[in-house]
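**Student:** Numbering (the working numbering), first residue to last: 102 to 397.
All residues carry an ideal CB built from backbone N, CA and C; glycine is no exception.
What follows is the structure in structure tokens.
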């Protein structure tokens, strides 16, 4: 069930019939089964906030362009990309149509979401996209494939065990070639606390973390094989979404009183477009780009 205020989260979804299943698997599987049934192929599947979806897609596009340019300068060959937890394939579809010369692999464990992604690939005739099952808790979640770049949107938080999250990060890094690039869009507890403190100033109720998520701590991506991704073509800050979250989760609800919360309101859209992004630290969603060590 989607929360009325906080975003819904995409996949990387475990299943109760998996050999390495956990106590939380049924919670995750049920959530994404409902998402698949209710949203189908819609862009709002797993992310109901239209501005967040658009800003995420733009950030991923810019990241892959920068990563591809870096690889082209070092070597030739097809640029291979993994969308880990691809959901219904919306982001994959946008990227694959924009860049037919690149090869994309969408990895998704939820049977229902994966079936939708396969439908999208078939209906849109995306010859440069392959969809496959996989669980990021399994070191072989992508079989023997390795990629030049990988990205995931709100996947690690679906693993409701801190040790599982760490193992999954190791597994993701292992599937990227040395010198390759990784982008993570994940939710963090400290930023949600900031947002709720801002809401409290206006007597707004706190927004809880989604029931099927375990948010990350600030030092989560400290890893010996990861260094910040640096490129003249990449300048997206981790707090890119902060302004929009403050506008849409604090200012808009206050200005619209006594009306109930309305997602994607004209007021929120106007203010988010009028103000510069990345002000403060009020979005639980942060964007981190890394380069994998050449020795990894």
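Please report how far the alpha carbon of residue 214 lies from the alpha carbon of residue 141, in whole angstroms.
**Tutor:** Computed Cα separation, rounded: 8 Å.
**Student:** Helix, strand or coil: how does DSSP classify residue 193 here?
**Tutor:** Here residue 193 sits in helix by DSSP.
**Student:** With a cut-off of 8 Å on the beta carbons, I'd call residue 230 and residue 205 a contact; round off their distance for me.
**Tutor:** Contact holds; Cβ gap of about 5 Å.
**Student:** Does the pairing of the stretch 308-315 with the stretch 362-372 give three or more beta-carbon distances under 8 Å?
**Tutor:** Touching, no.
**Student:** Between which residues of its own chain and residue 151 is the CB-CB distance below 6 Å, once the five residues before and five after are set aside?
**Tutor:** For residue 151, where only same-chain residues beyond five positions count, the Cβ hits under 6 Å are 365.
**Student:** Inspect the beta-carbon positions of residue 326 and residue 393 and report whether they are closer than 7 Å.
**Tutor:** The answer is yes: Cβ separation under 7 Å.
**Student:** Note down, in chain order, each residue of its chain lying with its Cβ closer than 7 Å to the Cβ of residue 356, except the 5 sequence neighbours on either side.
**Tutor:** These residues qualify, in order along the chain: 368.
**Student:** Hey, could you find the ends of the alpha helix (DSSP H) residue 310 is sitting in?
**Tutor:** Here residue 310 belongs to no alpha helix (DSSP H), and DSSP marks it neither H nor E.
**Student:** Excluding the 5 residues preceding and the 5 following residue 163 in the sequence, name in chain order all residues of the same chain whose CB lies nearer than 8 Å to its CB.
**Tutor:** These residues qualify, in order along the chain: 334, 335, 337.
**Student:** If residue 296 and residue 358 are in contact, beta carbons under 8 Å, what's the gap, nearest whole angstrom?
**Tutor:** Not really, about 18 Å apart at Cβ, beyond 8 Å.
**Student:** Can you list, in chain order, the residues of its chain whose CB lies under 8 Å from that of residue 170, leaving out five sequence neighbours each side?
**Tutor:** If we look at residue 170 and ignore the five residues flanking it on each side, its Cβ neighbours are 332, 334.
**Student:** To test your reading of the DSSP string, which unbroken alpha helix (DSSP H) runs of 4 or more residues are found completely within the stretch 326-392?
**Tutor:** Entirely contained in the stretch 326-392, the alpha helix (DSSP H) runs reaching 4 residues are, in chain order, 343-347, 353-356, 367-375.
**Student:** Can you tell me which of the three DSSP states residue 395 falls into?
**Tutor:** In the structure shown, residue 395 sits in coil (DSSP, three-state: anything other than H, G, I, E or B).
**Student:** How is residue 304 classed by DSSP in three states: helix, strand or coil?
**Tutor:** Three-state result, residue 304: coil.
**Student:** Span of the alpha helix (DSSP H) holding residue 316?
**Tutor:** Here residue 316 belongs to no alpha helix (DSSP H), and DSSP marks it neither H nor E.
**Student:** Taking residue 183 as the reference, give the member of 279, 387, 136, 246 with the closest Cα.
**Tutor:** When each option's Cα is compared against that of residue 183, the closest is 246.
**Student:** Ordered along the chain, which non-local residues of its own chain (more than five positions away) have a Cβ less than 8 Å from that of residue 198?
**Tutor:** Answer for residue 198: 225, 227, listed in chain order.
**Student:** Does residue 398 pass the burial test, meaning 16 or more other C-beta atoms within 10 Å, or should it be called exposed?
**Tutor:** Here the chain covers residues 102 to 397 and nothing more, so residue 398 does not appear.
**Student:** Mind reading off the beta-carbon distance from residue 292 to residue 383? Whole number of angstroms is fine, and I expect it under 8 Å.
**Tutor:** At roughly 7 Å, the Cβ-Cβ gap stays under 8 Å, so residue 292 and residue 383 are in contact.
**Student:** For residue 139 and residue 202, I'd like the C-alpha separation in whole angstroms.
**Tutor:** In a straight line, the C-alpha of residue 139 is about 33 Å away from that of residue 202.
**Student:** What do you reckon, are the CB atoms on residue 208 and residue 235 nearer than 7 Å?
**Tutor:** In this structure, residue 235 lies closer than 7 Å to residue 208 by Cβ.
**Student:** So residue 134 is in the alpha helix (DSSP H); what residue range does that whole segment cover?
**Tutor:** Residues 126-140.
**Student:** Return the bridge partner residues of residue 207 from the DSSP annotation.
**Tutor:** Answer by DSSP bridge pairing, in chain order: 184, 232.
**Student:** Thinking C-beta only, is residue 381 closer than 7 Å to residue 343?
**Tutor:** Contact: yes.
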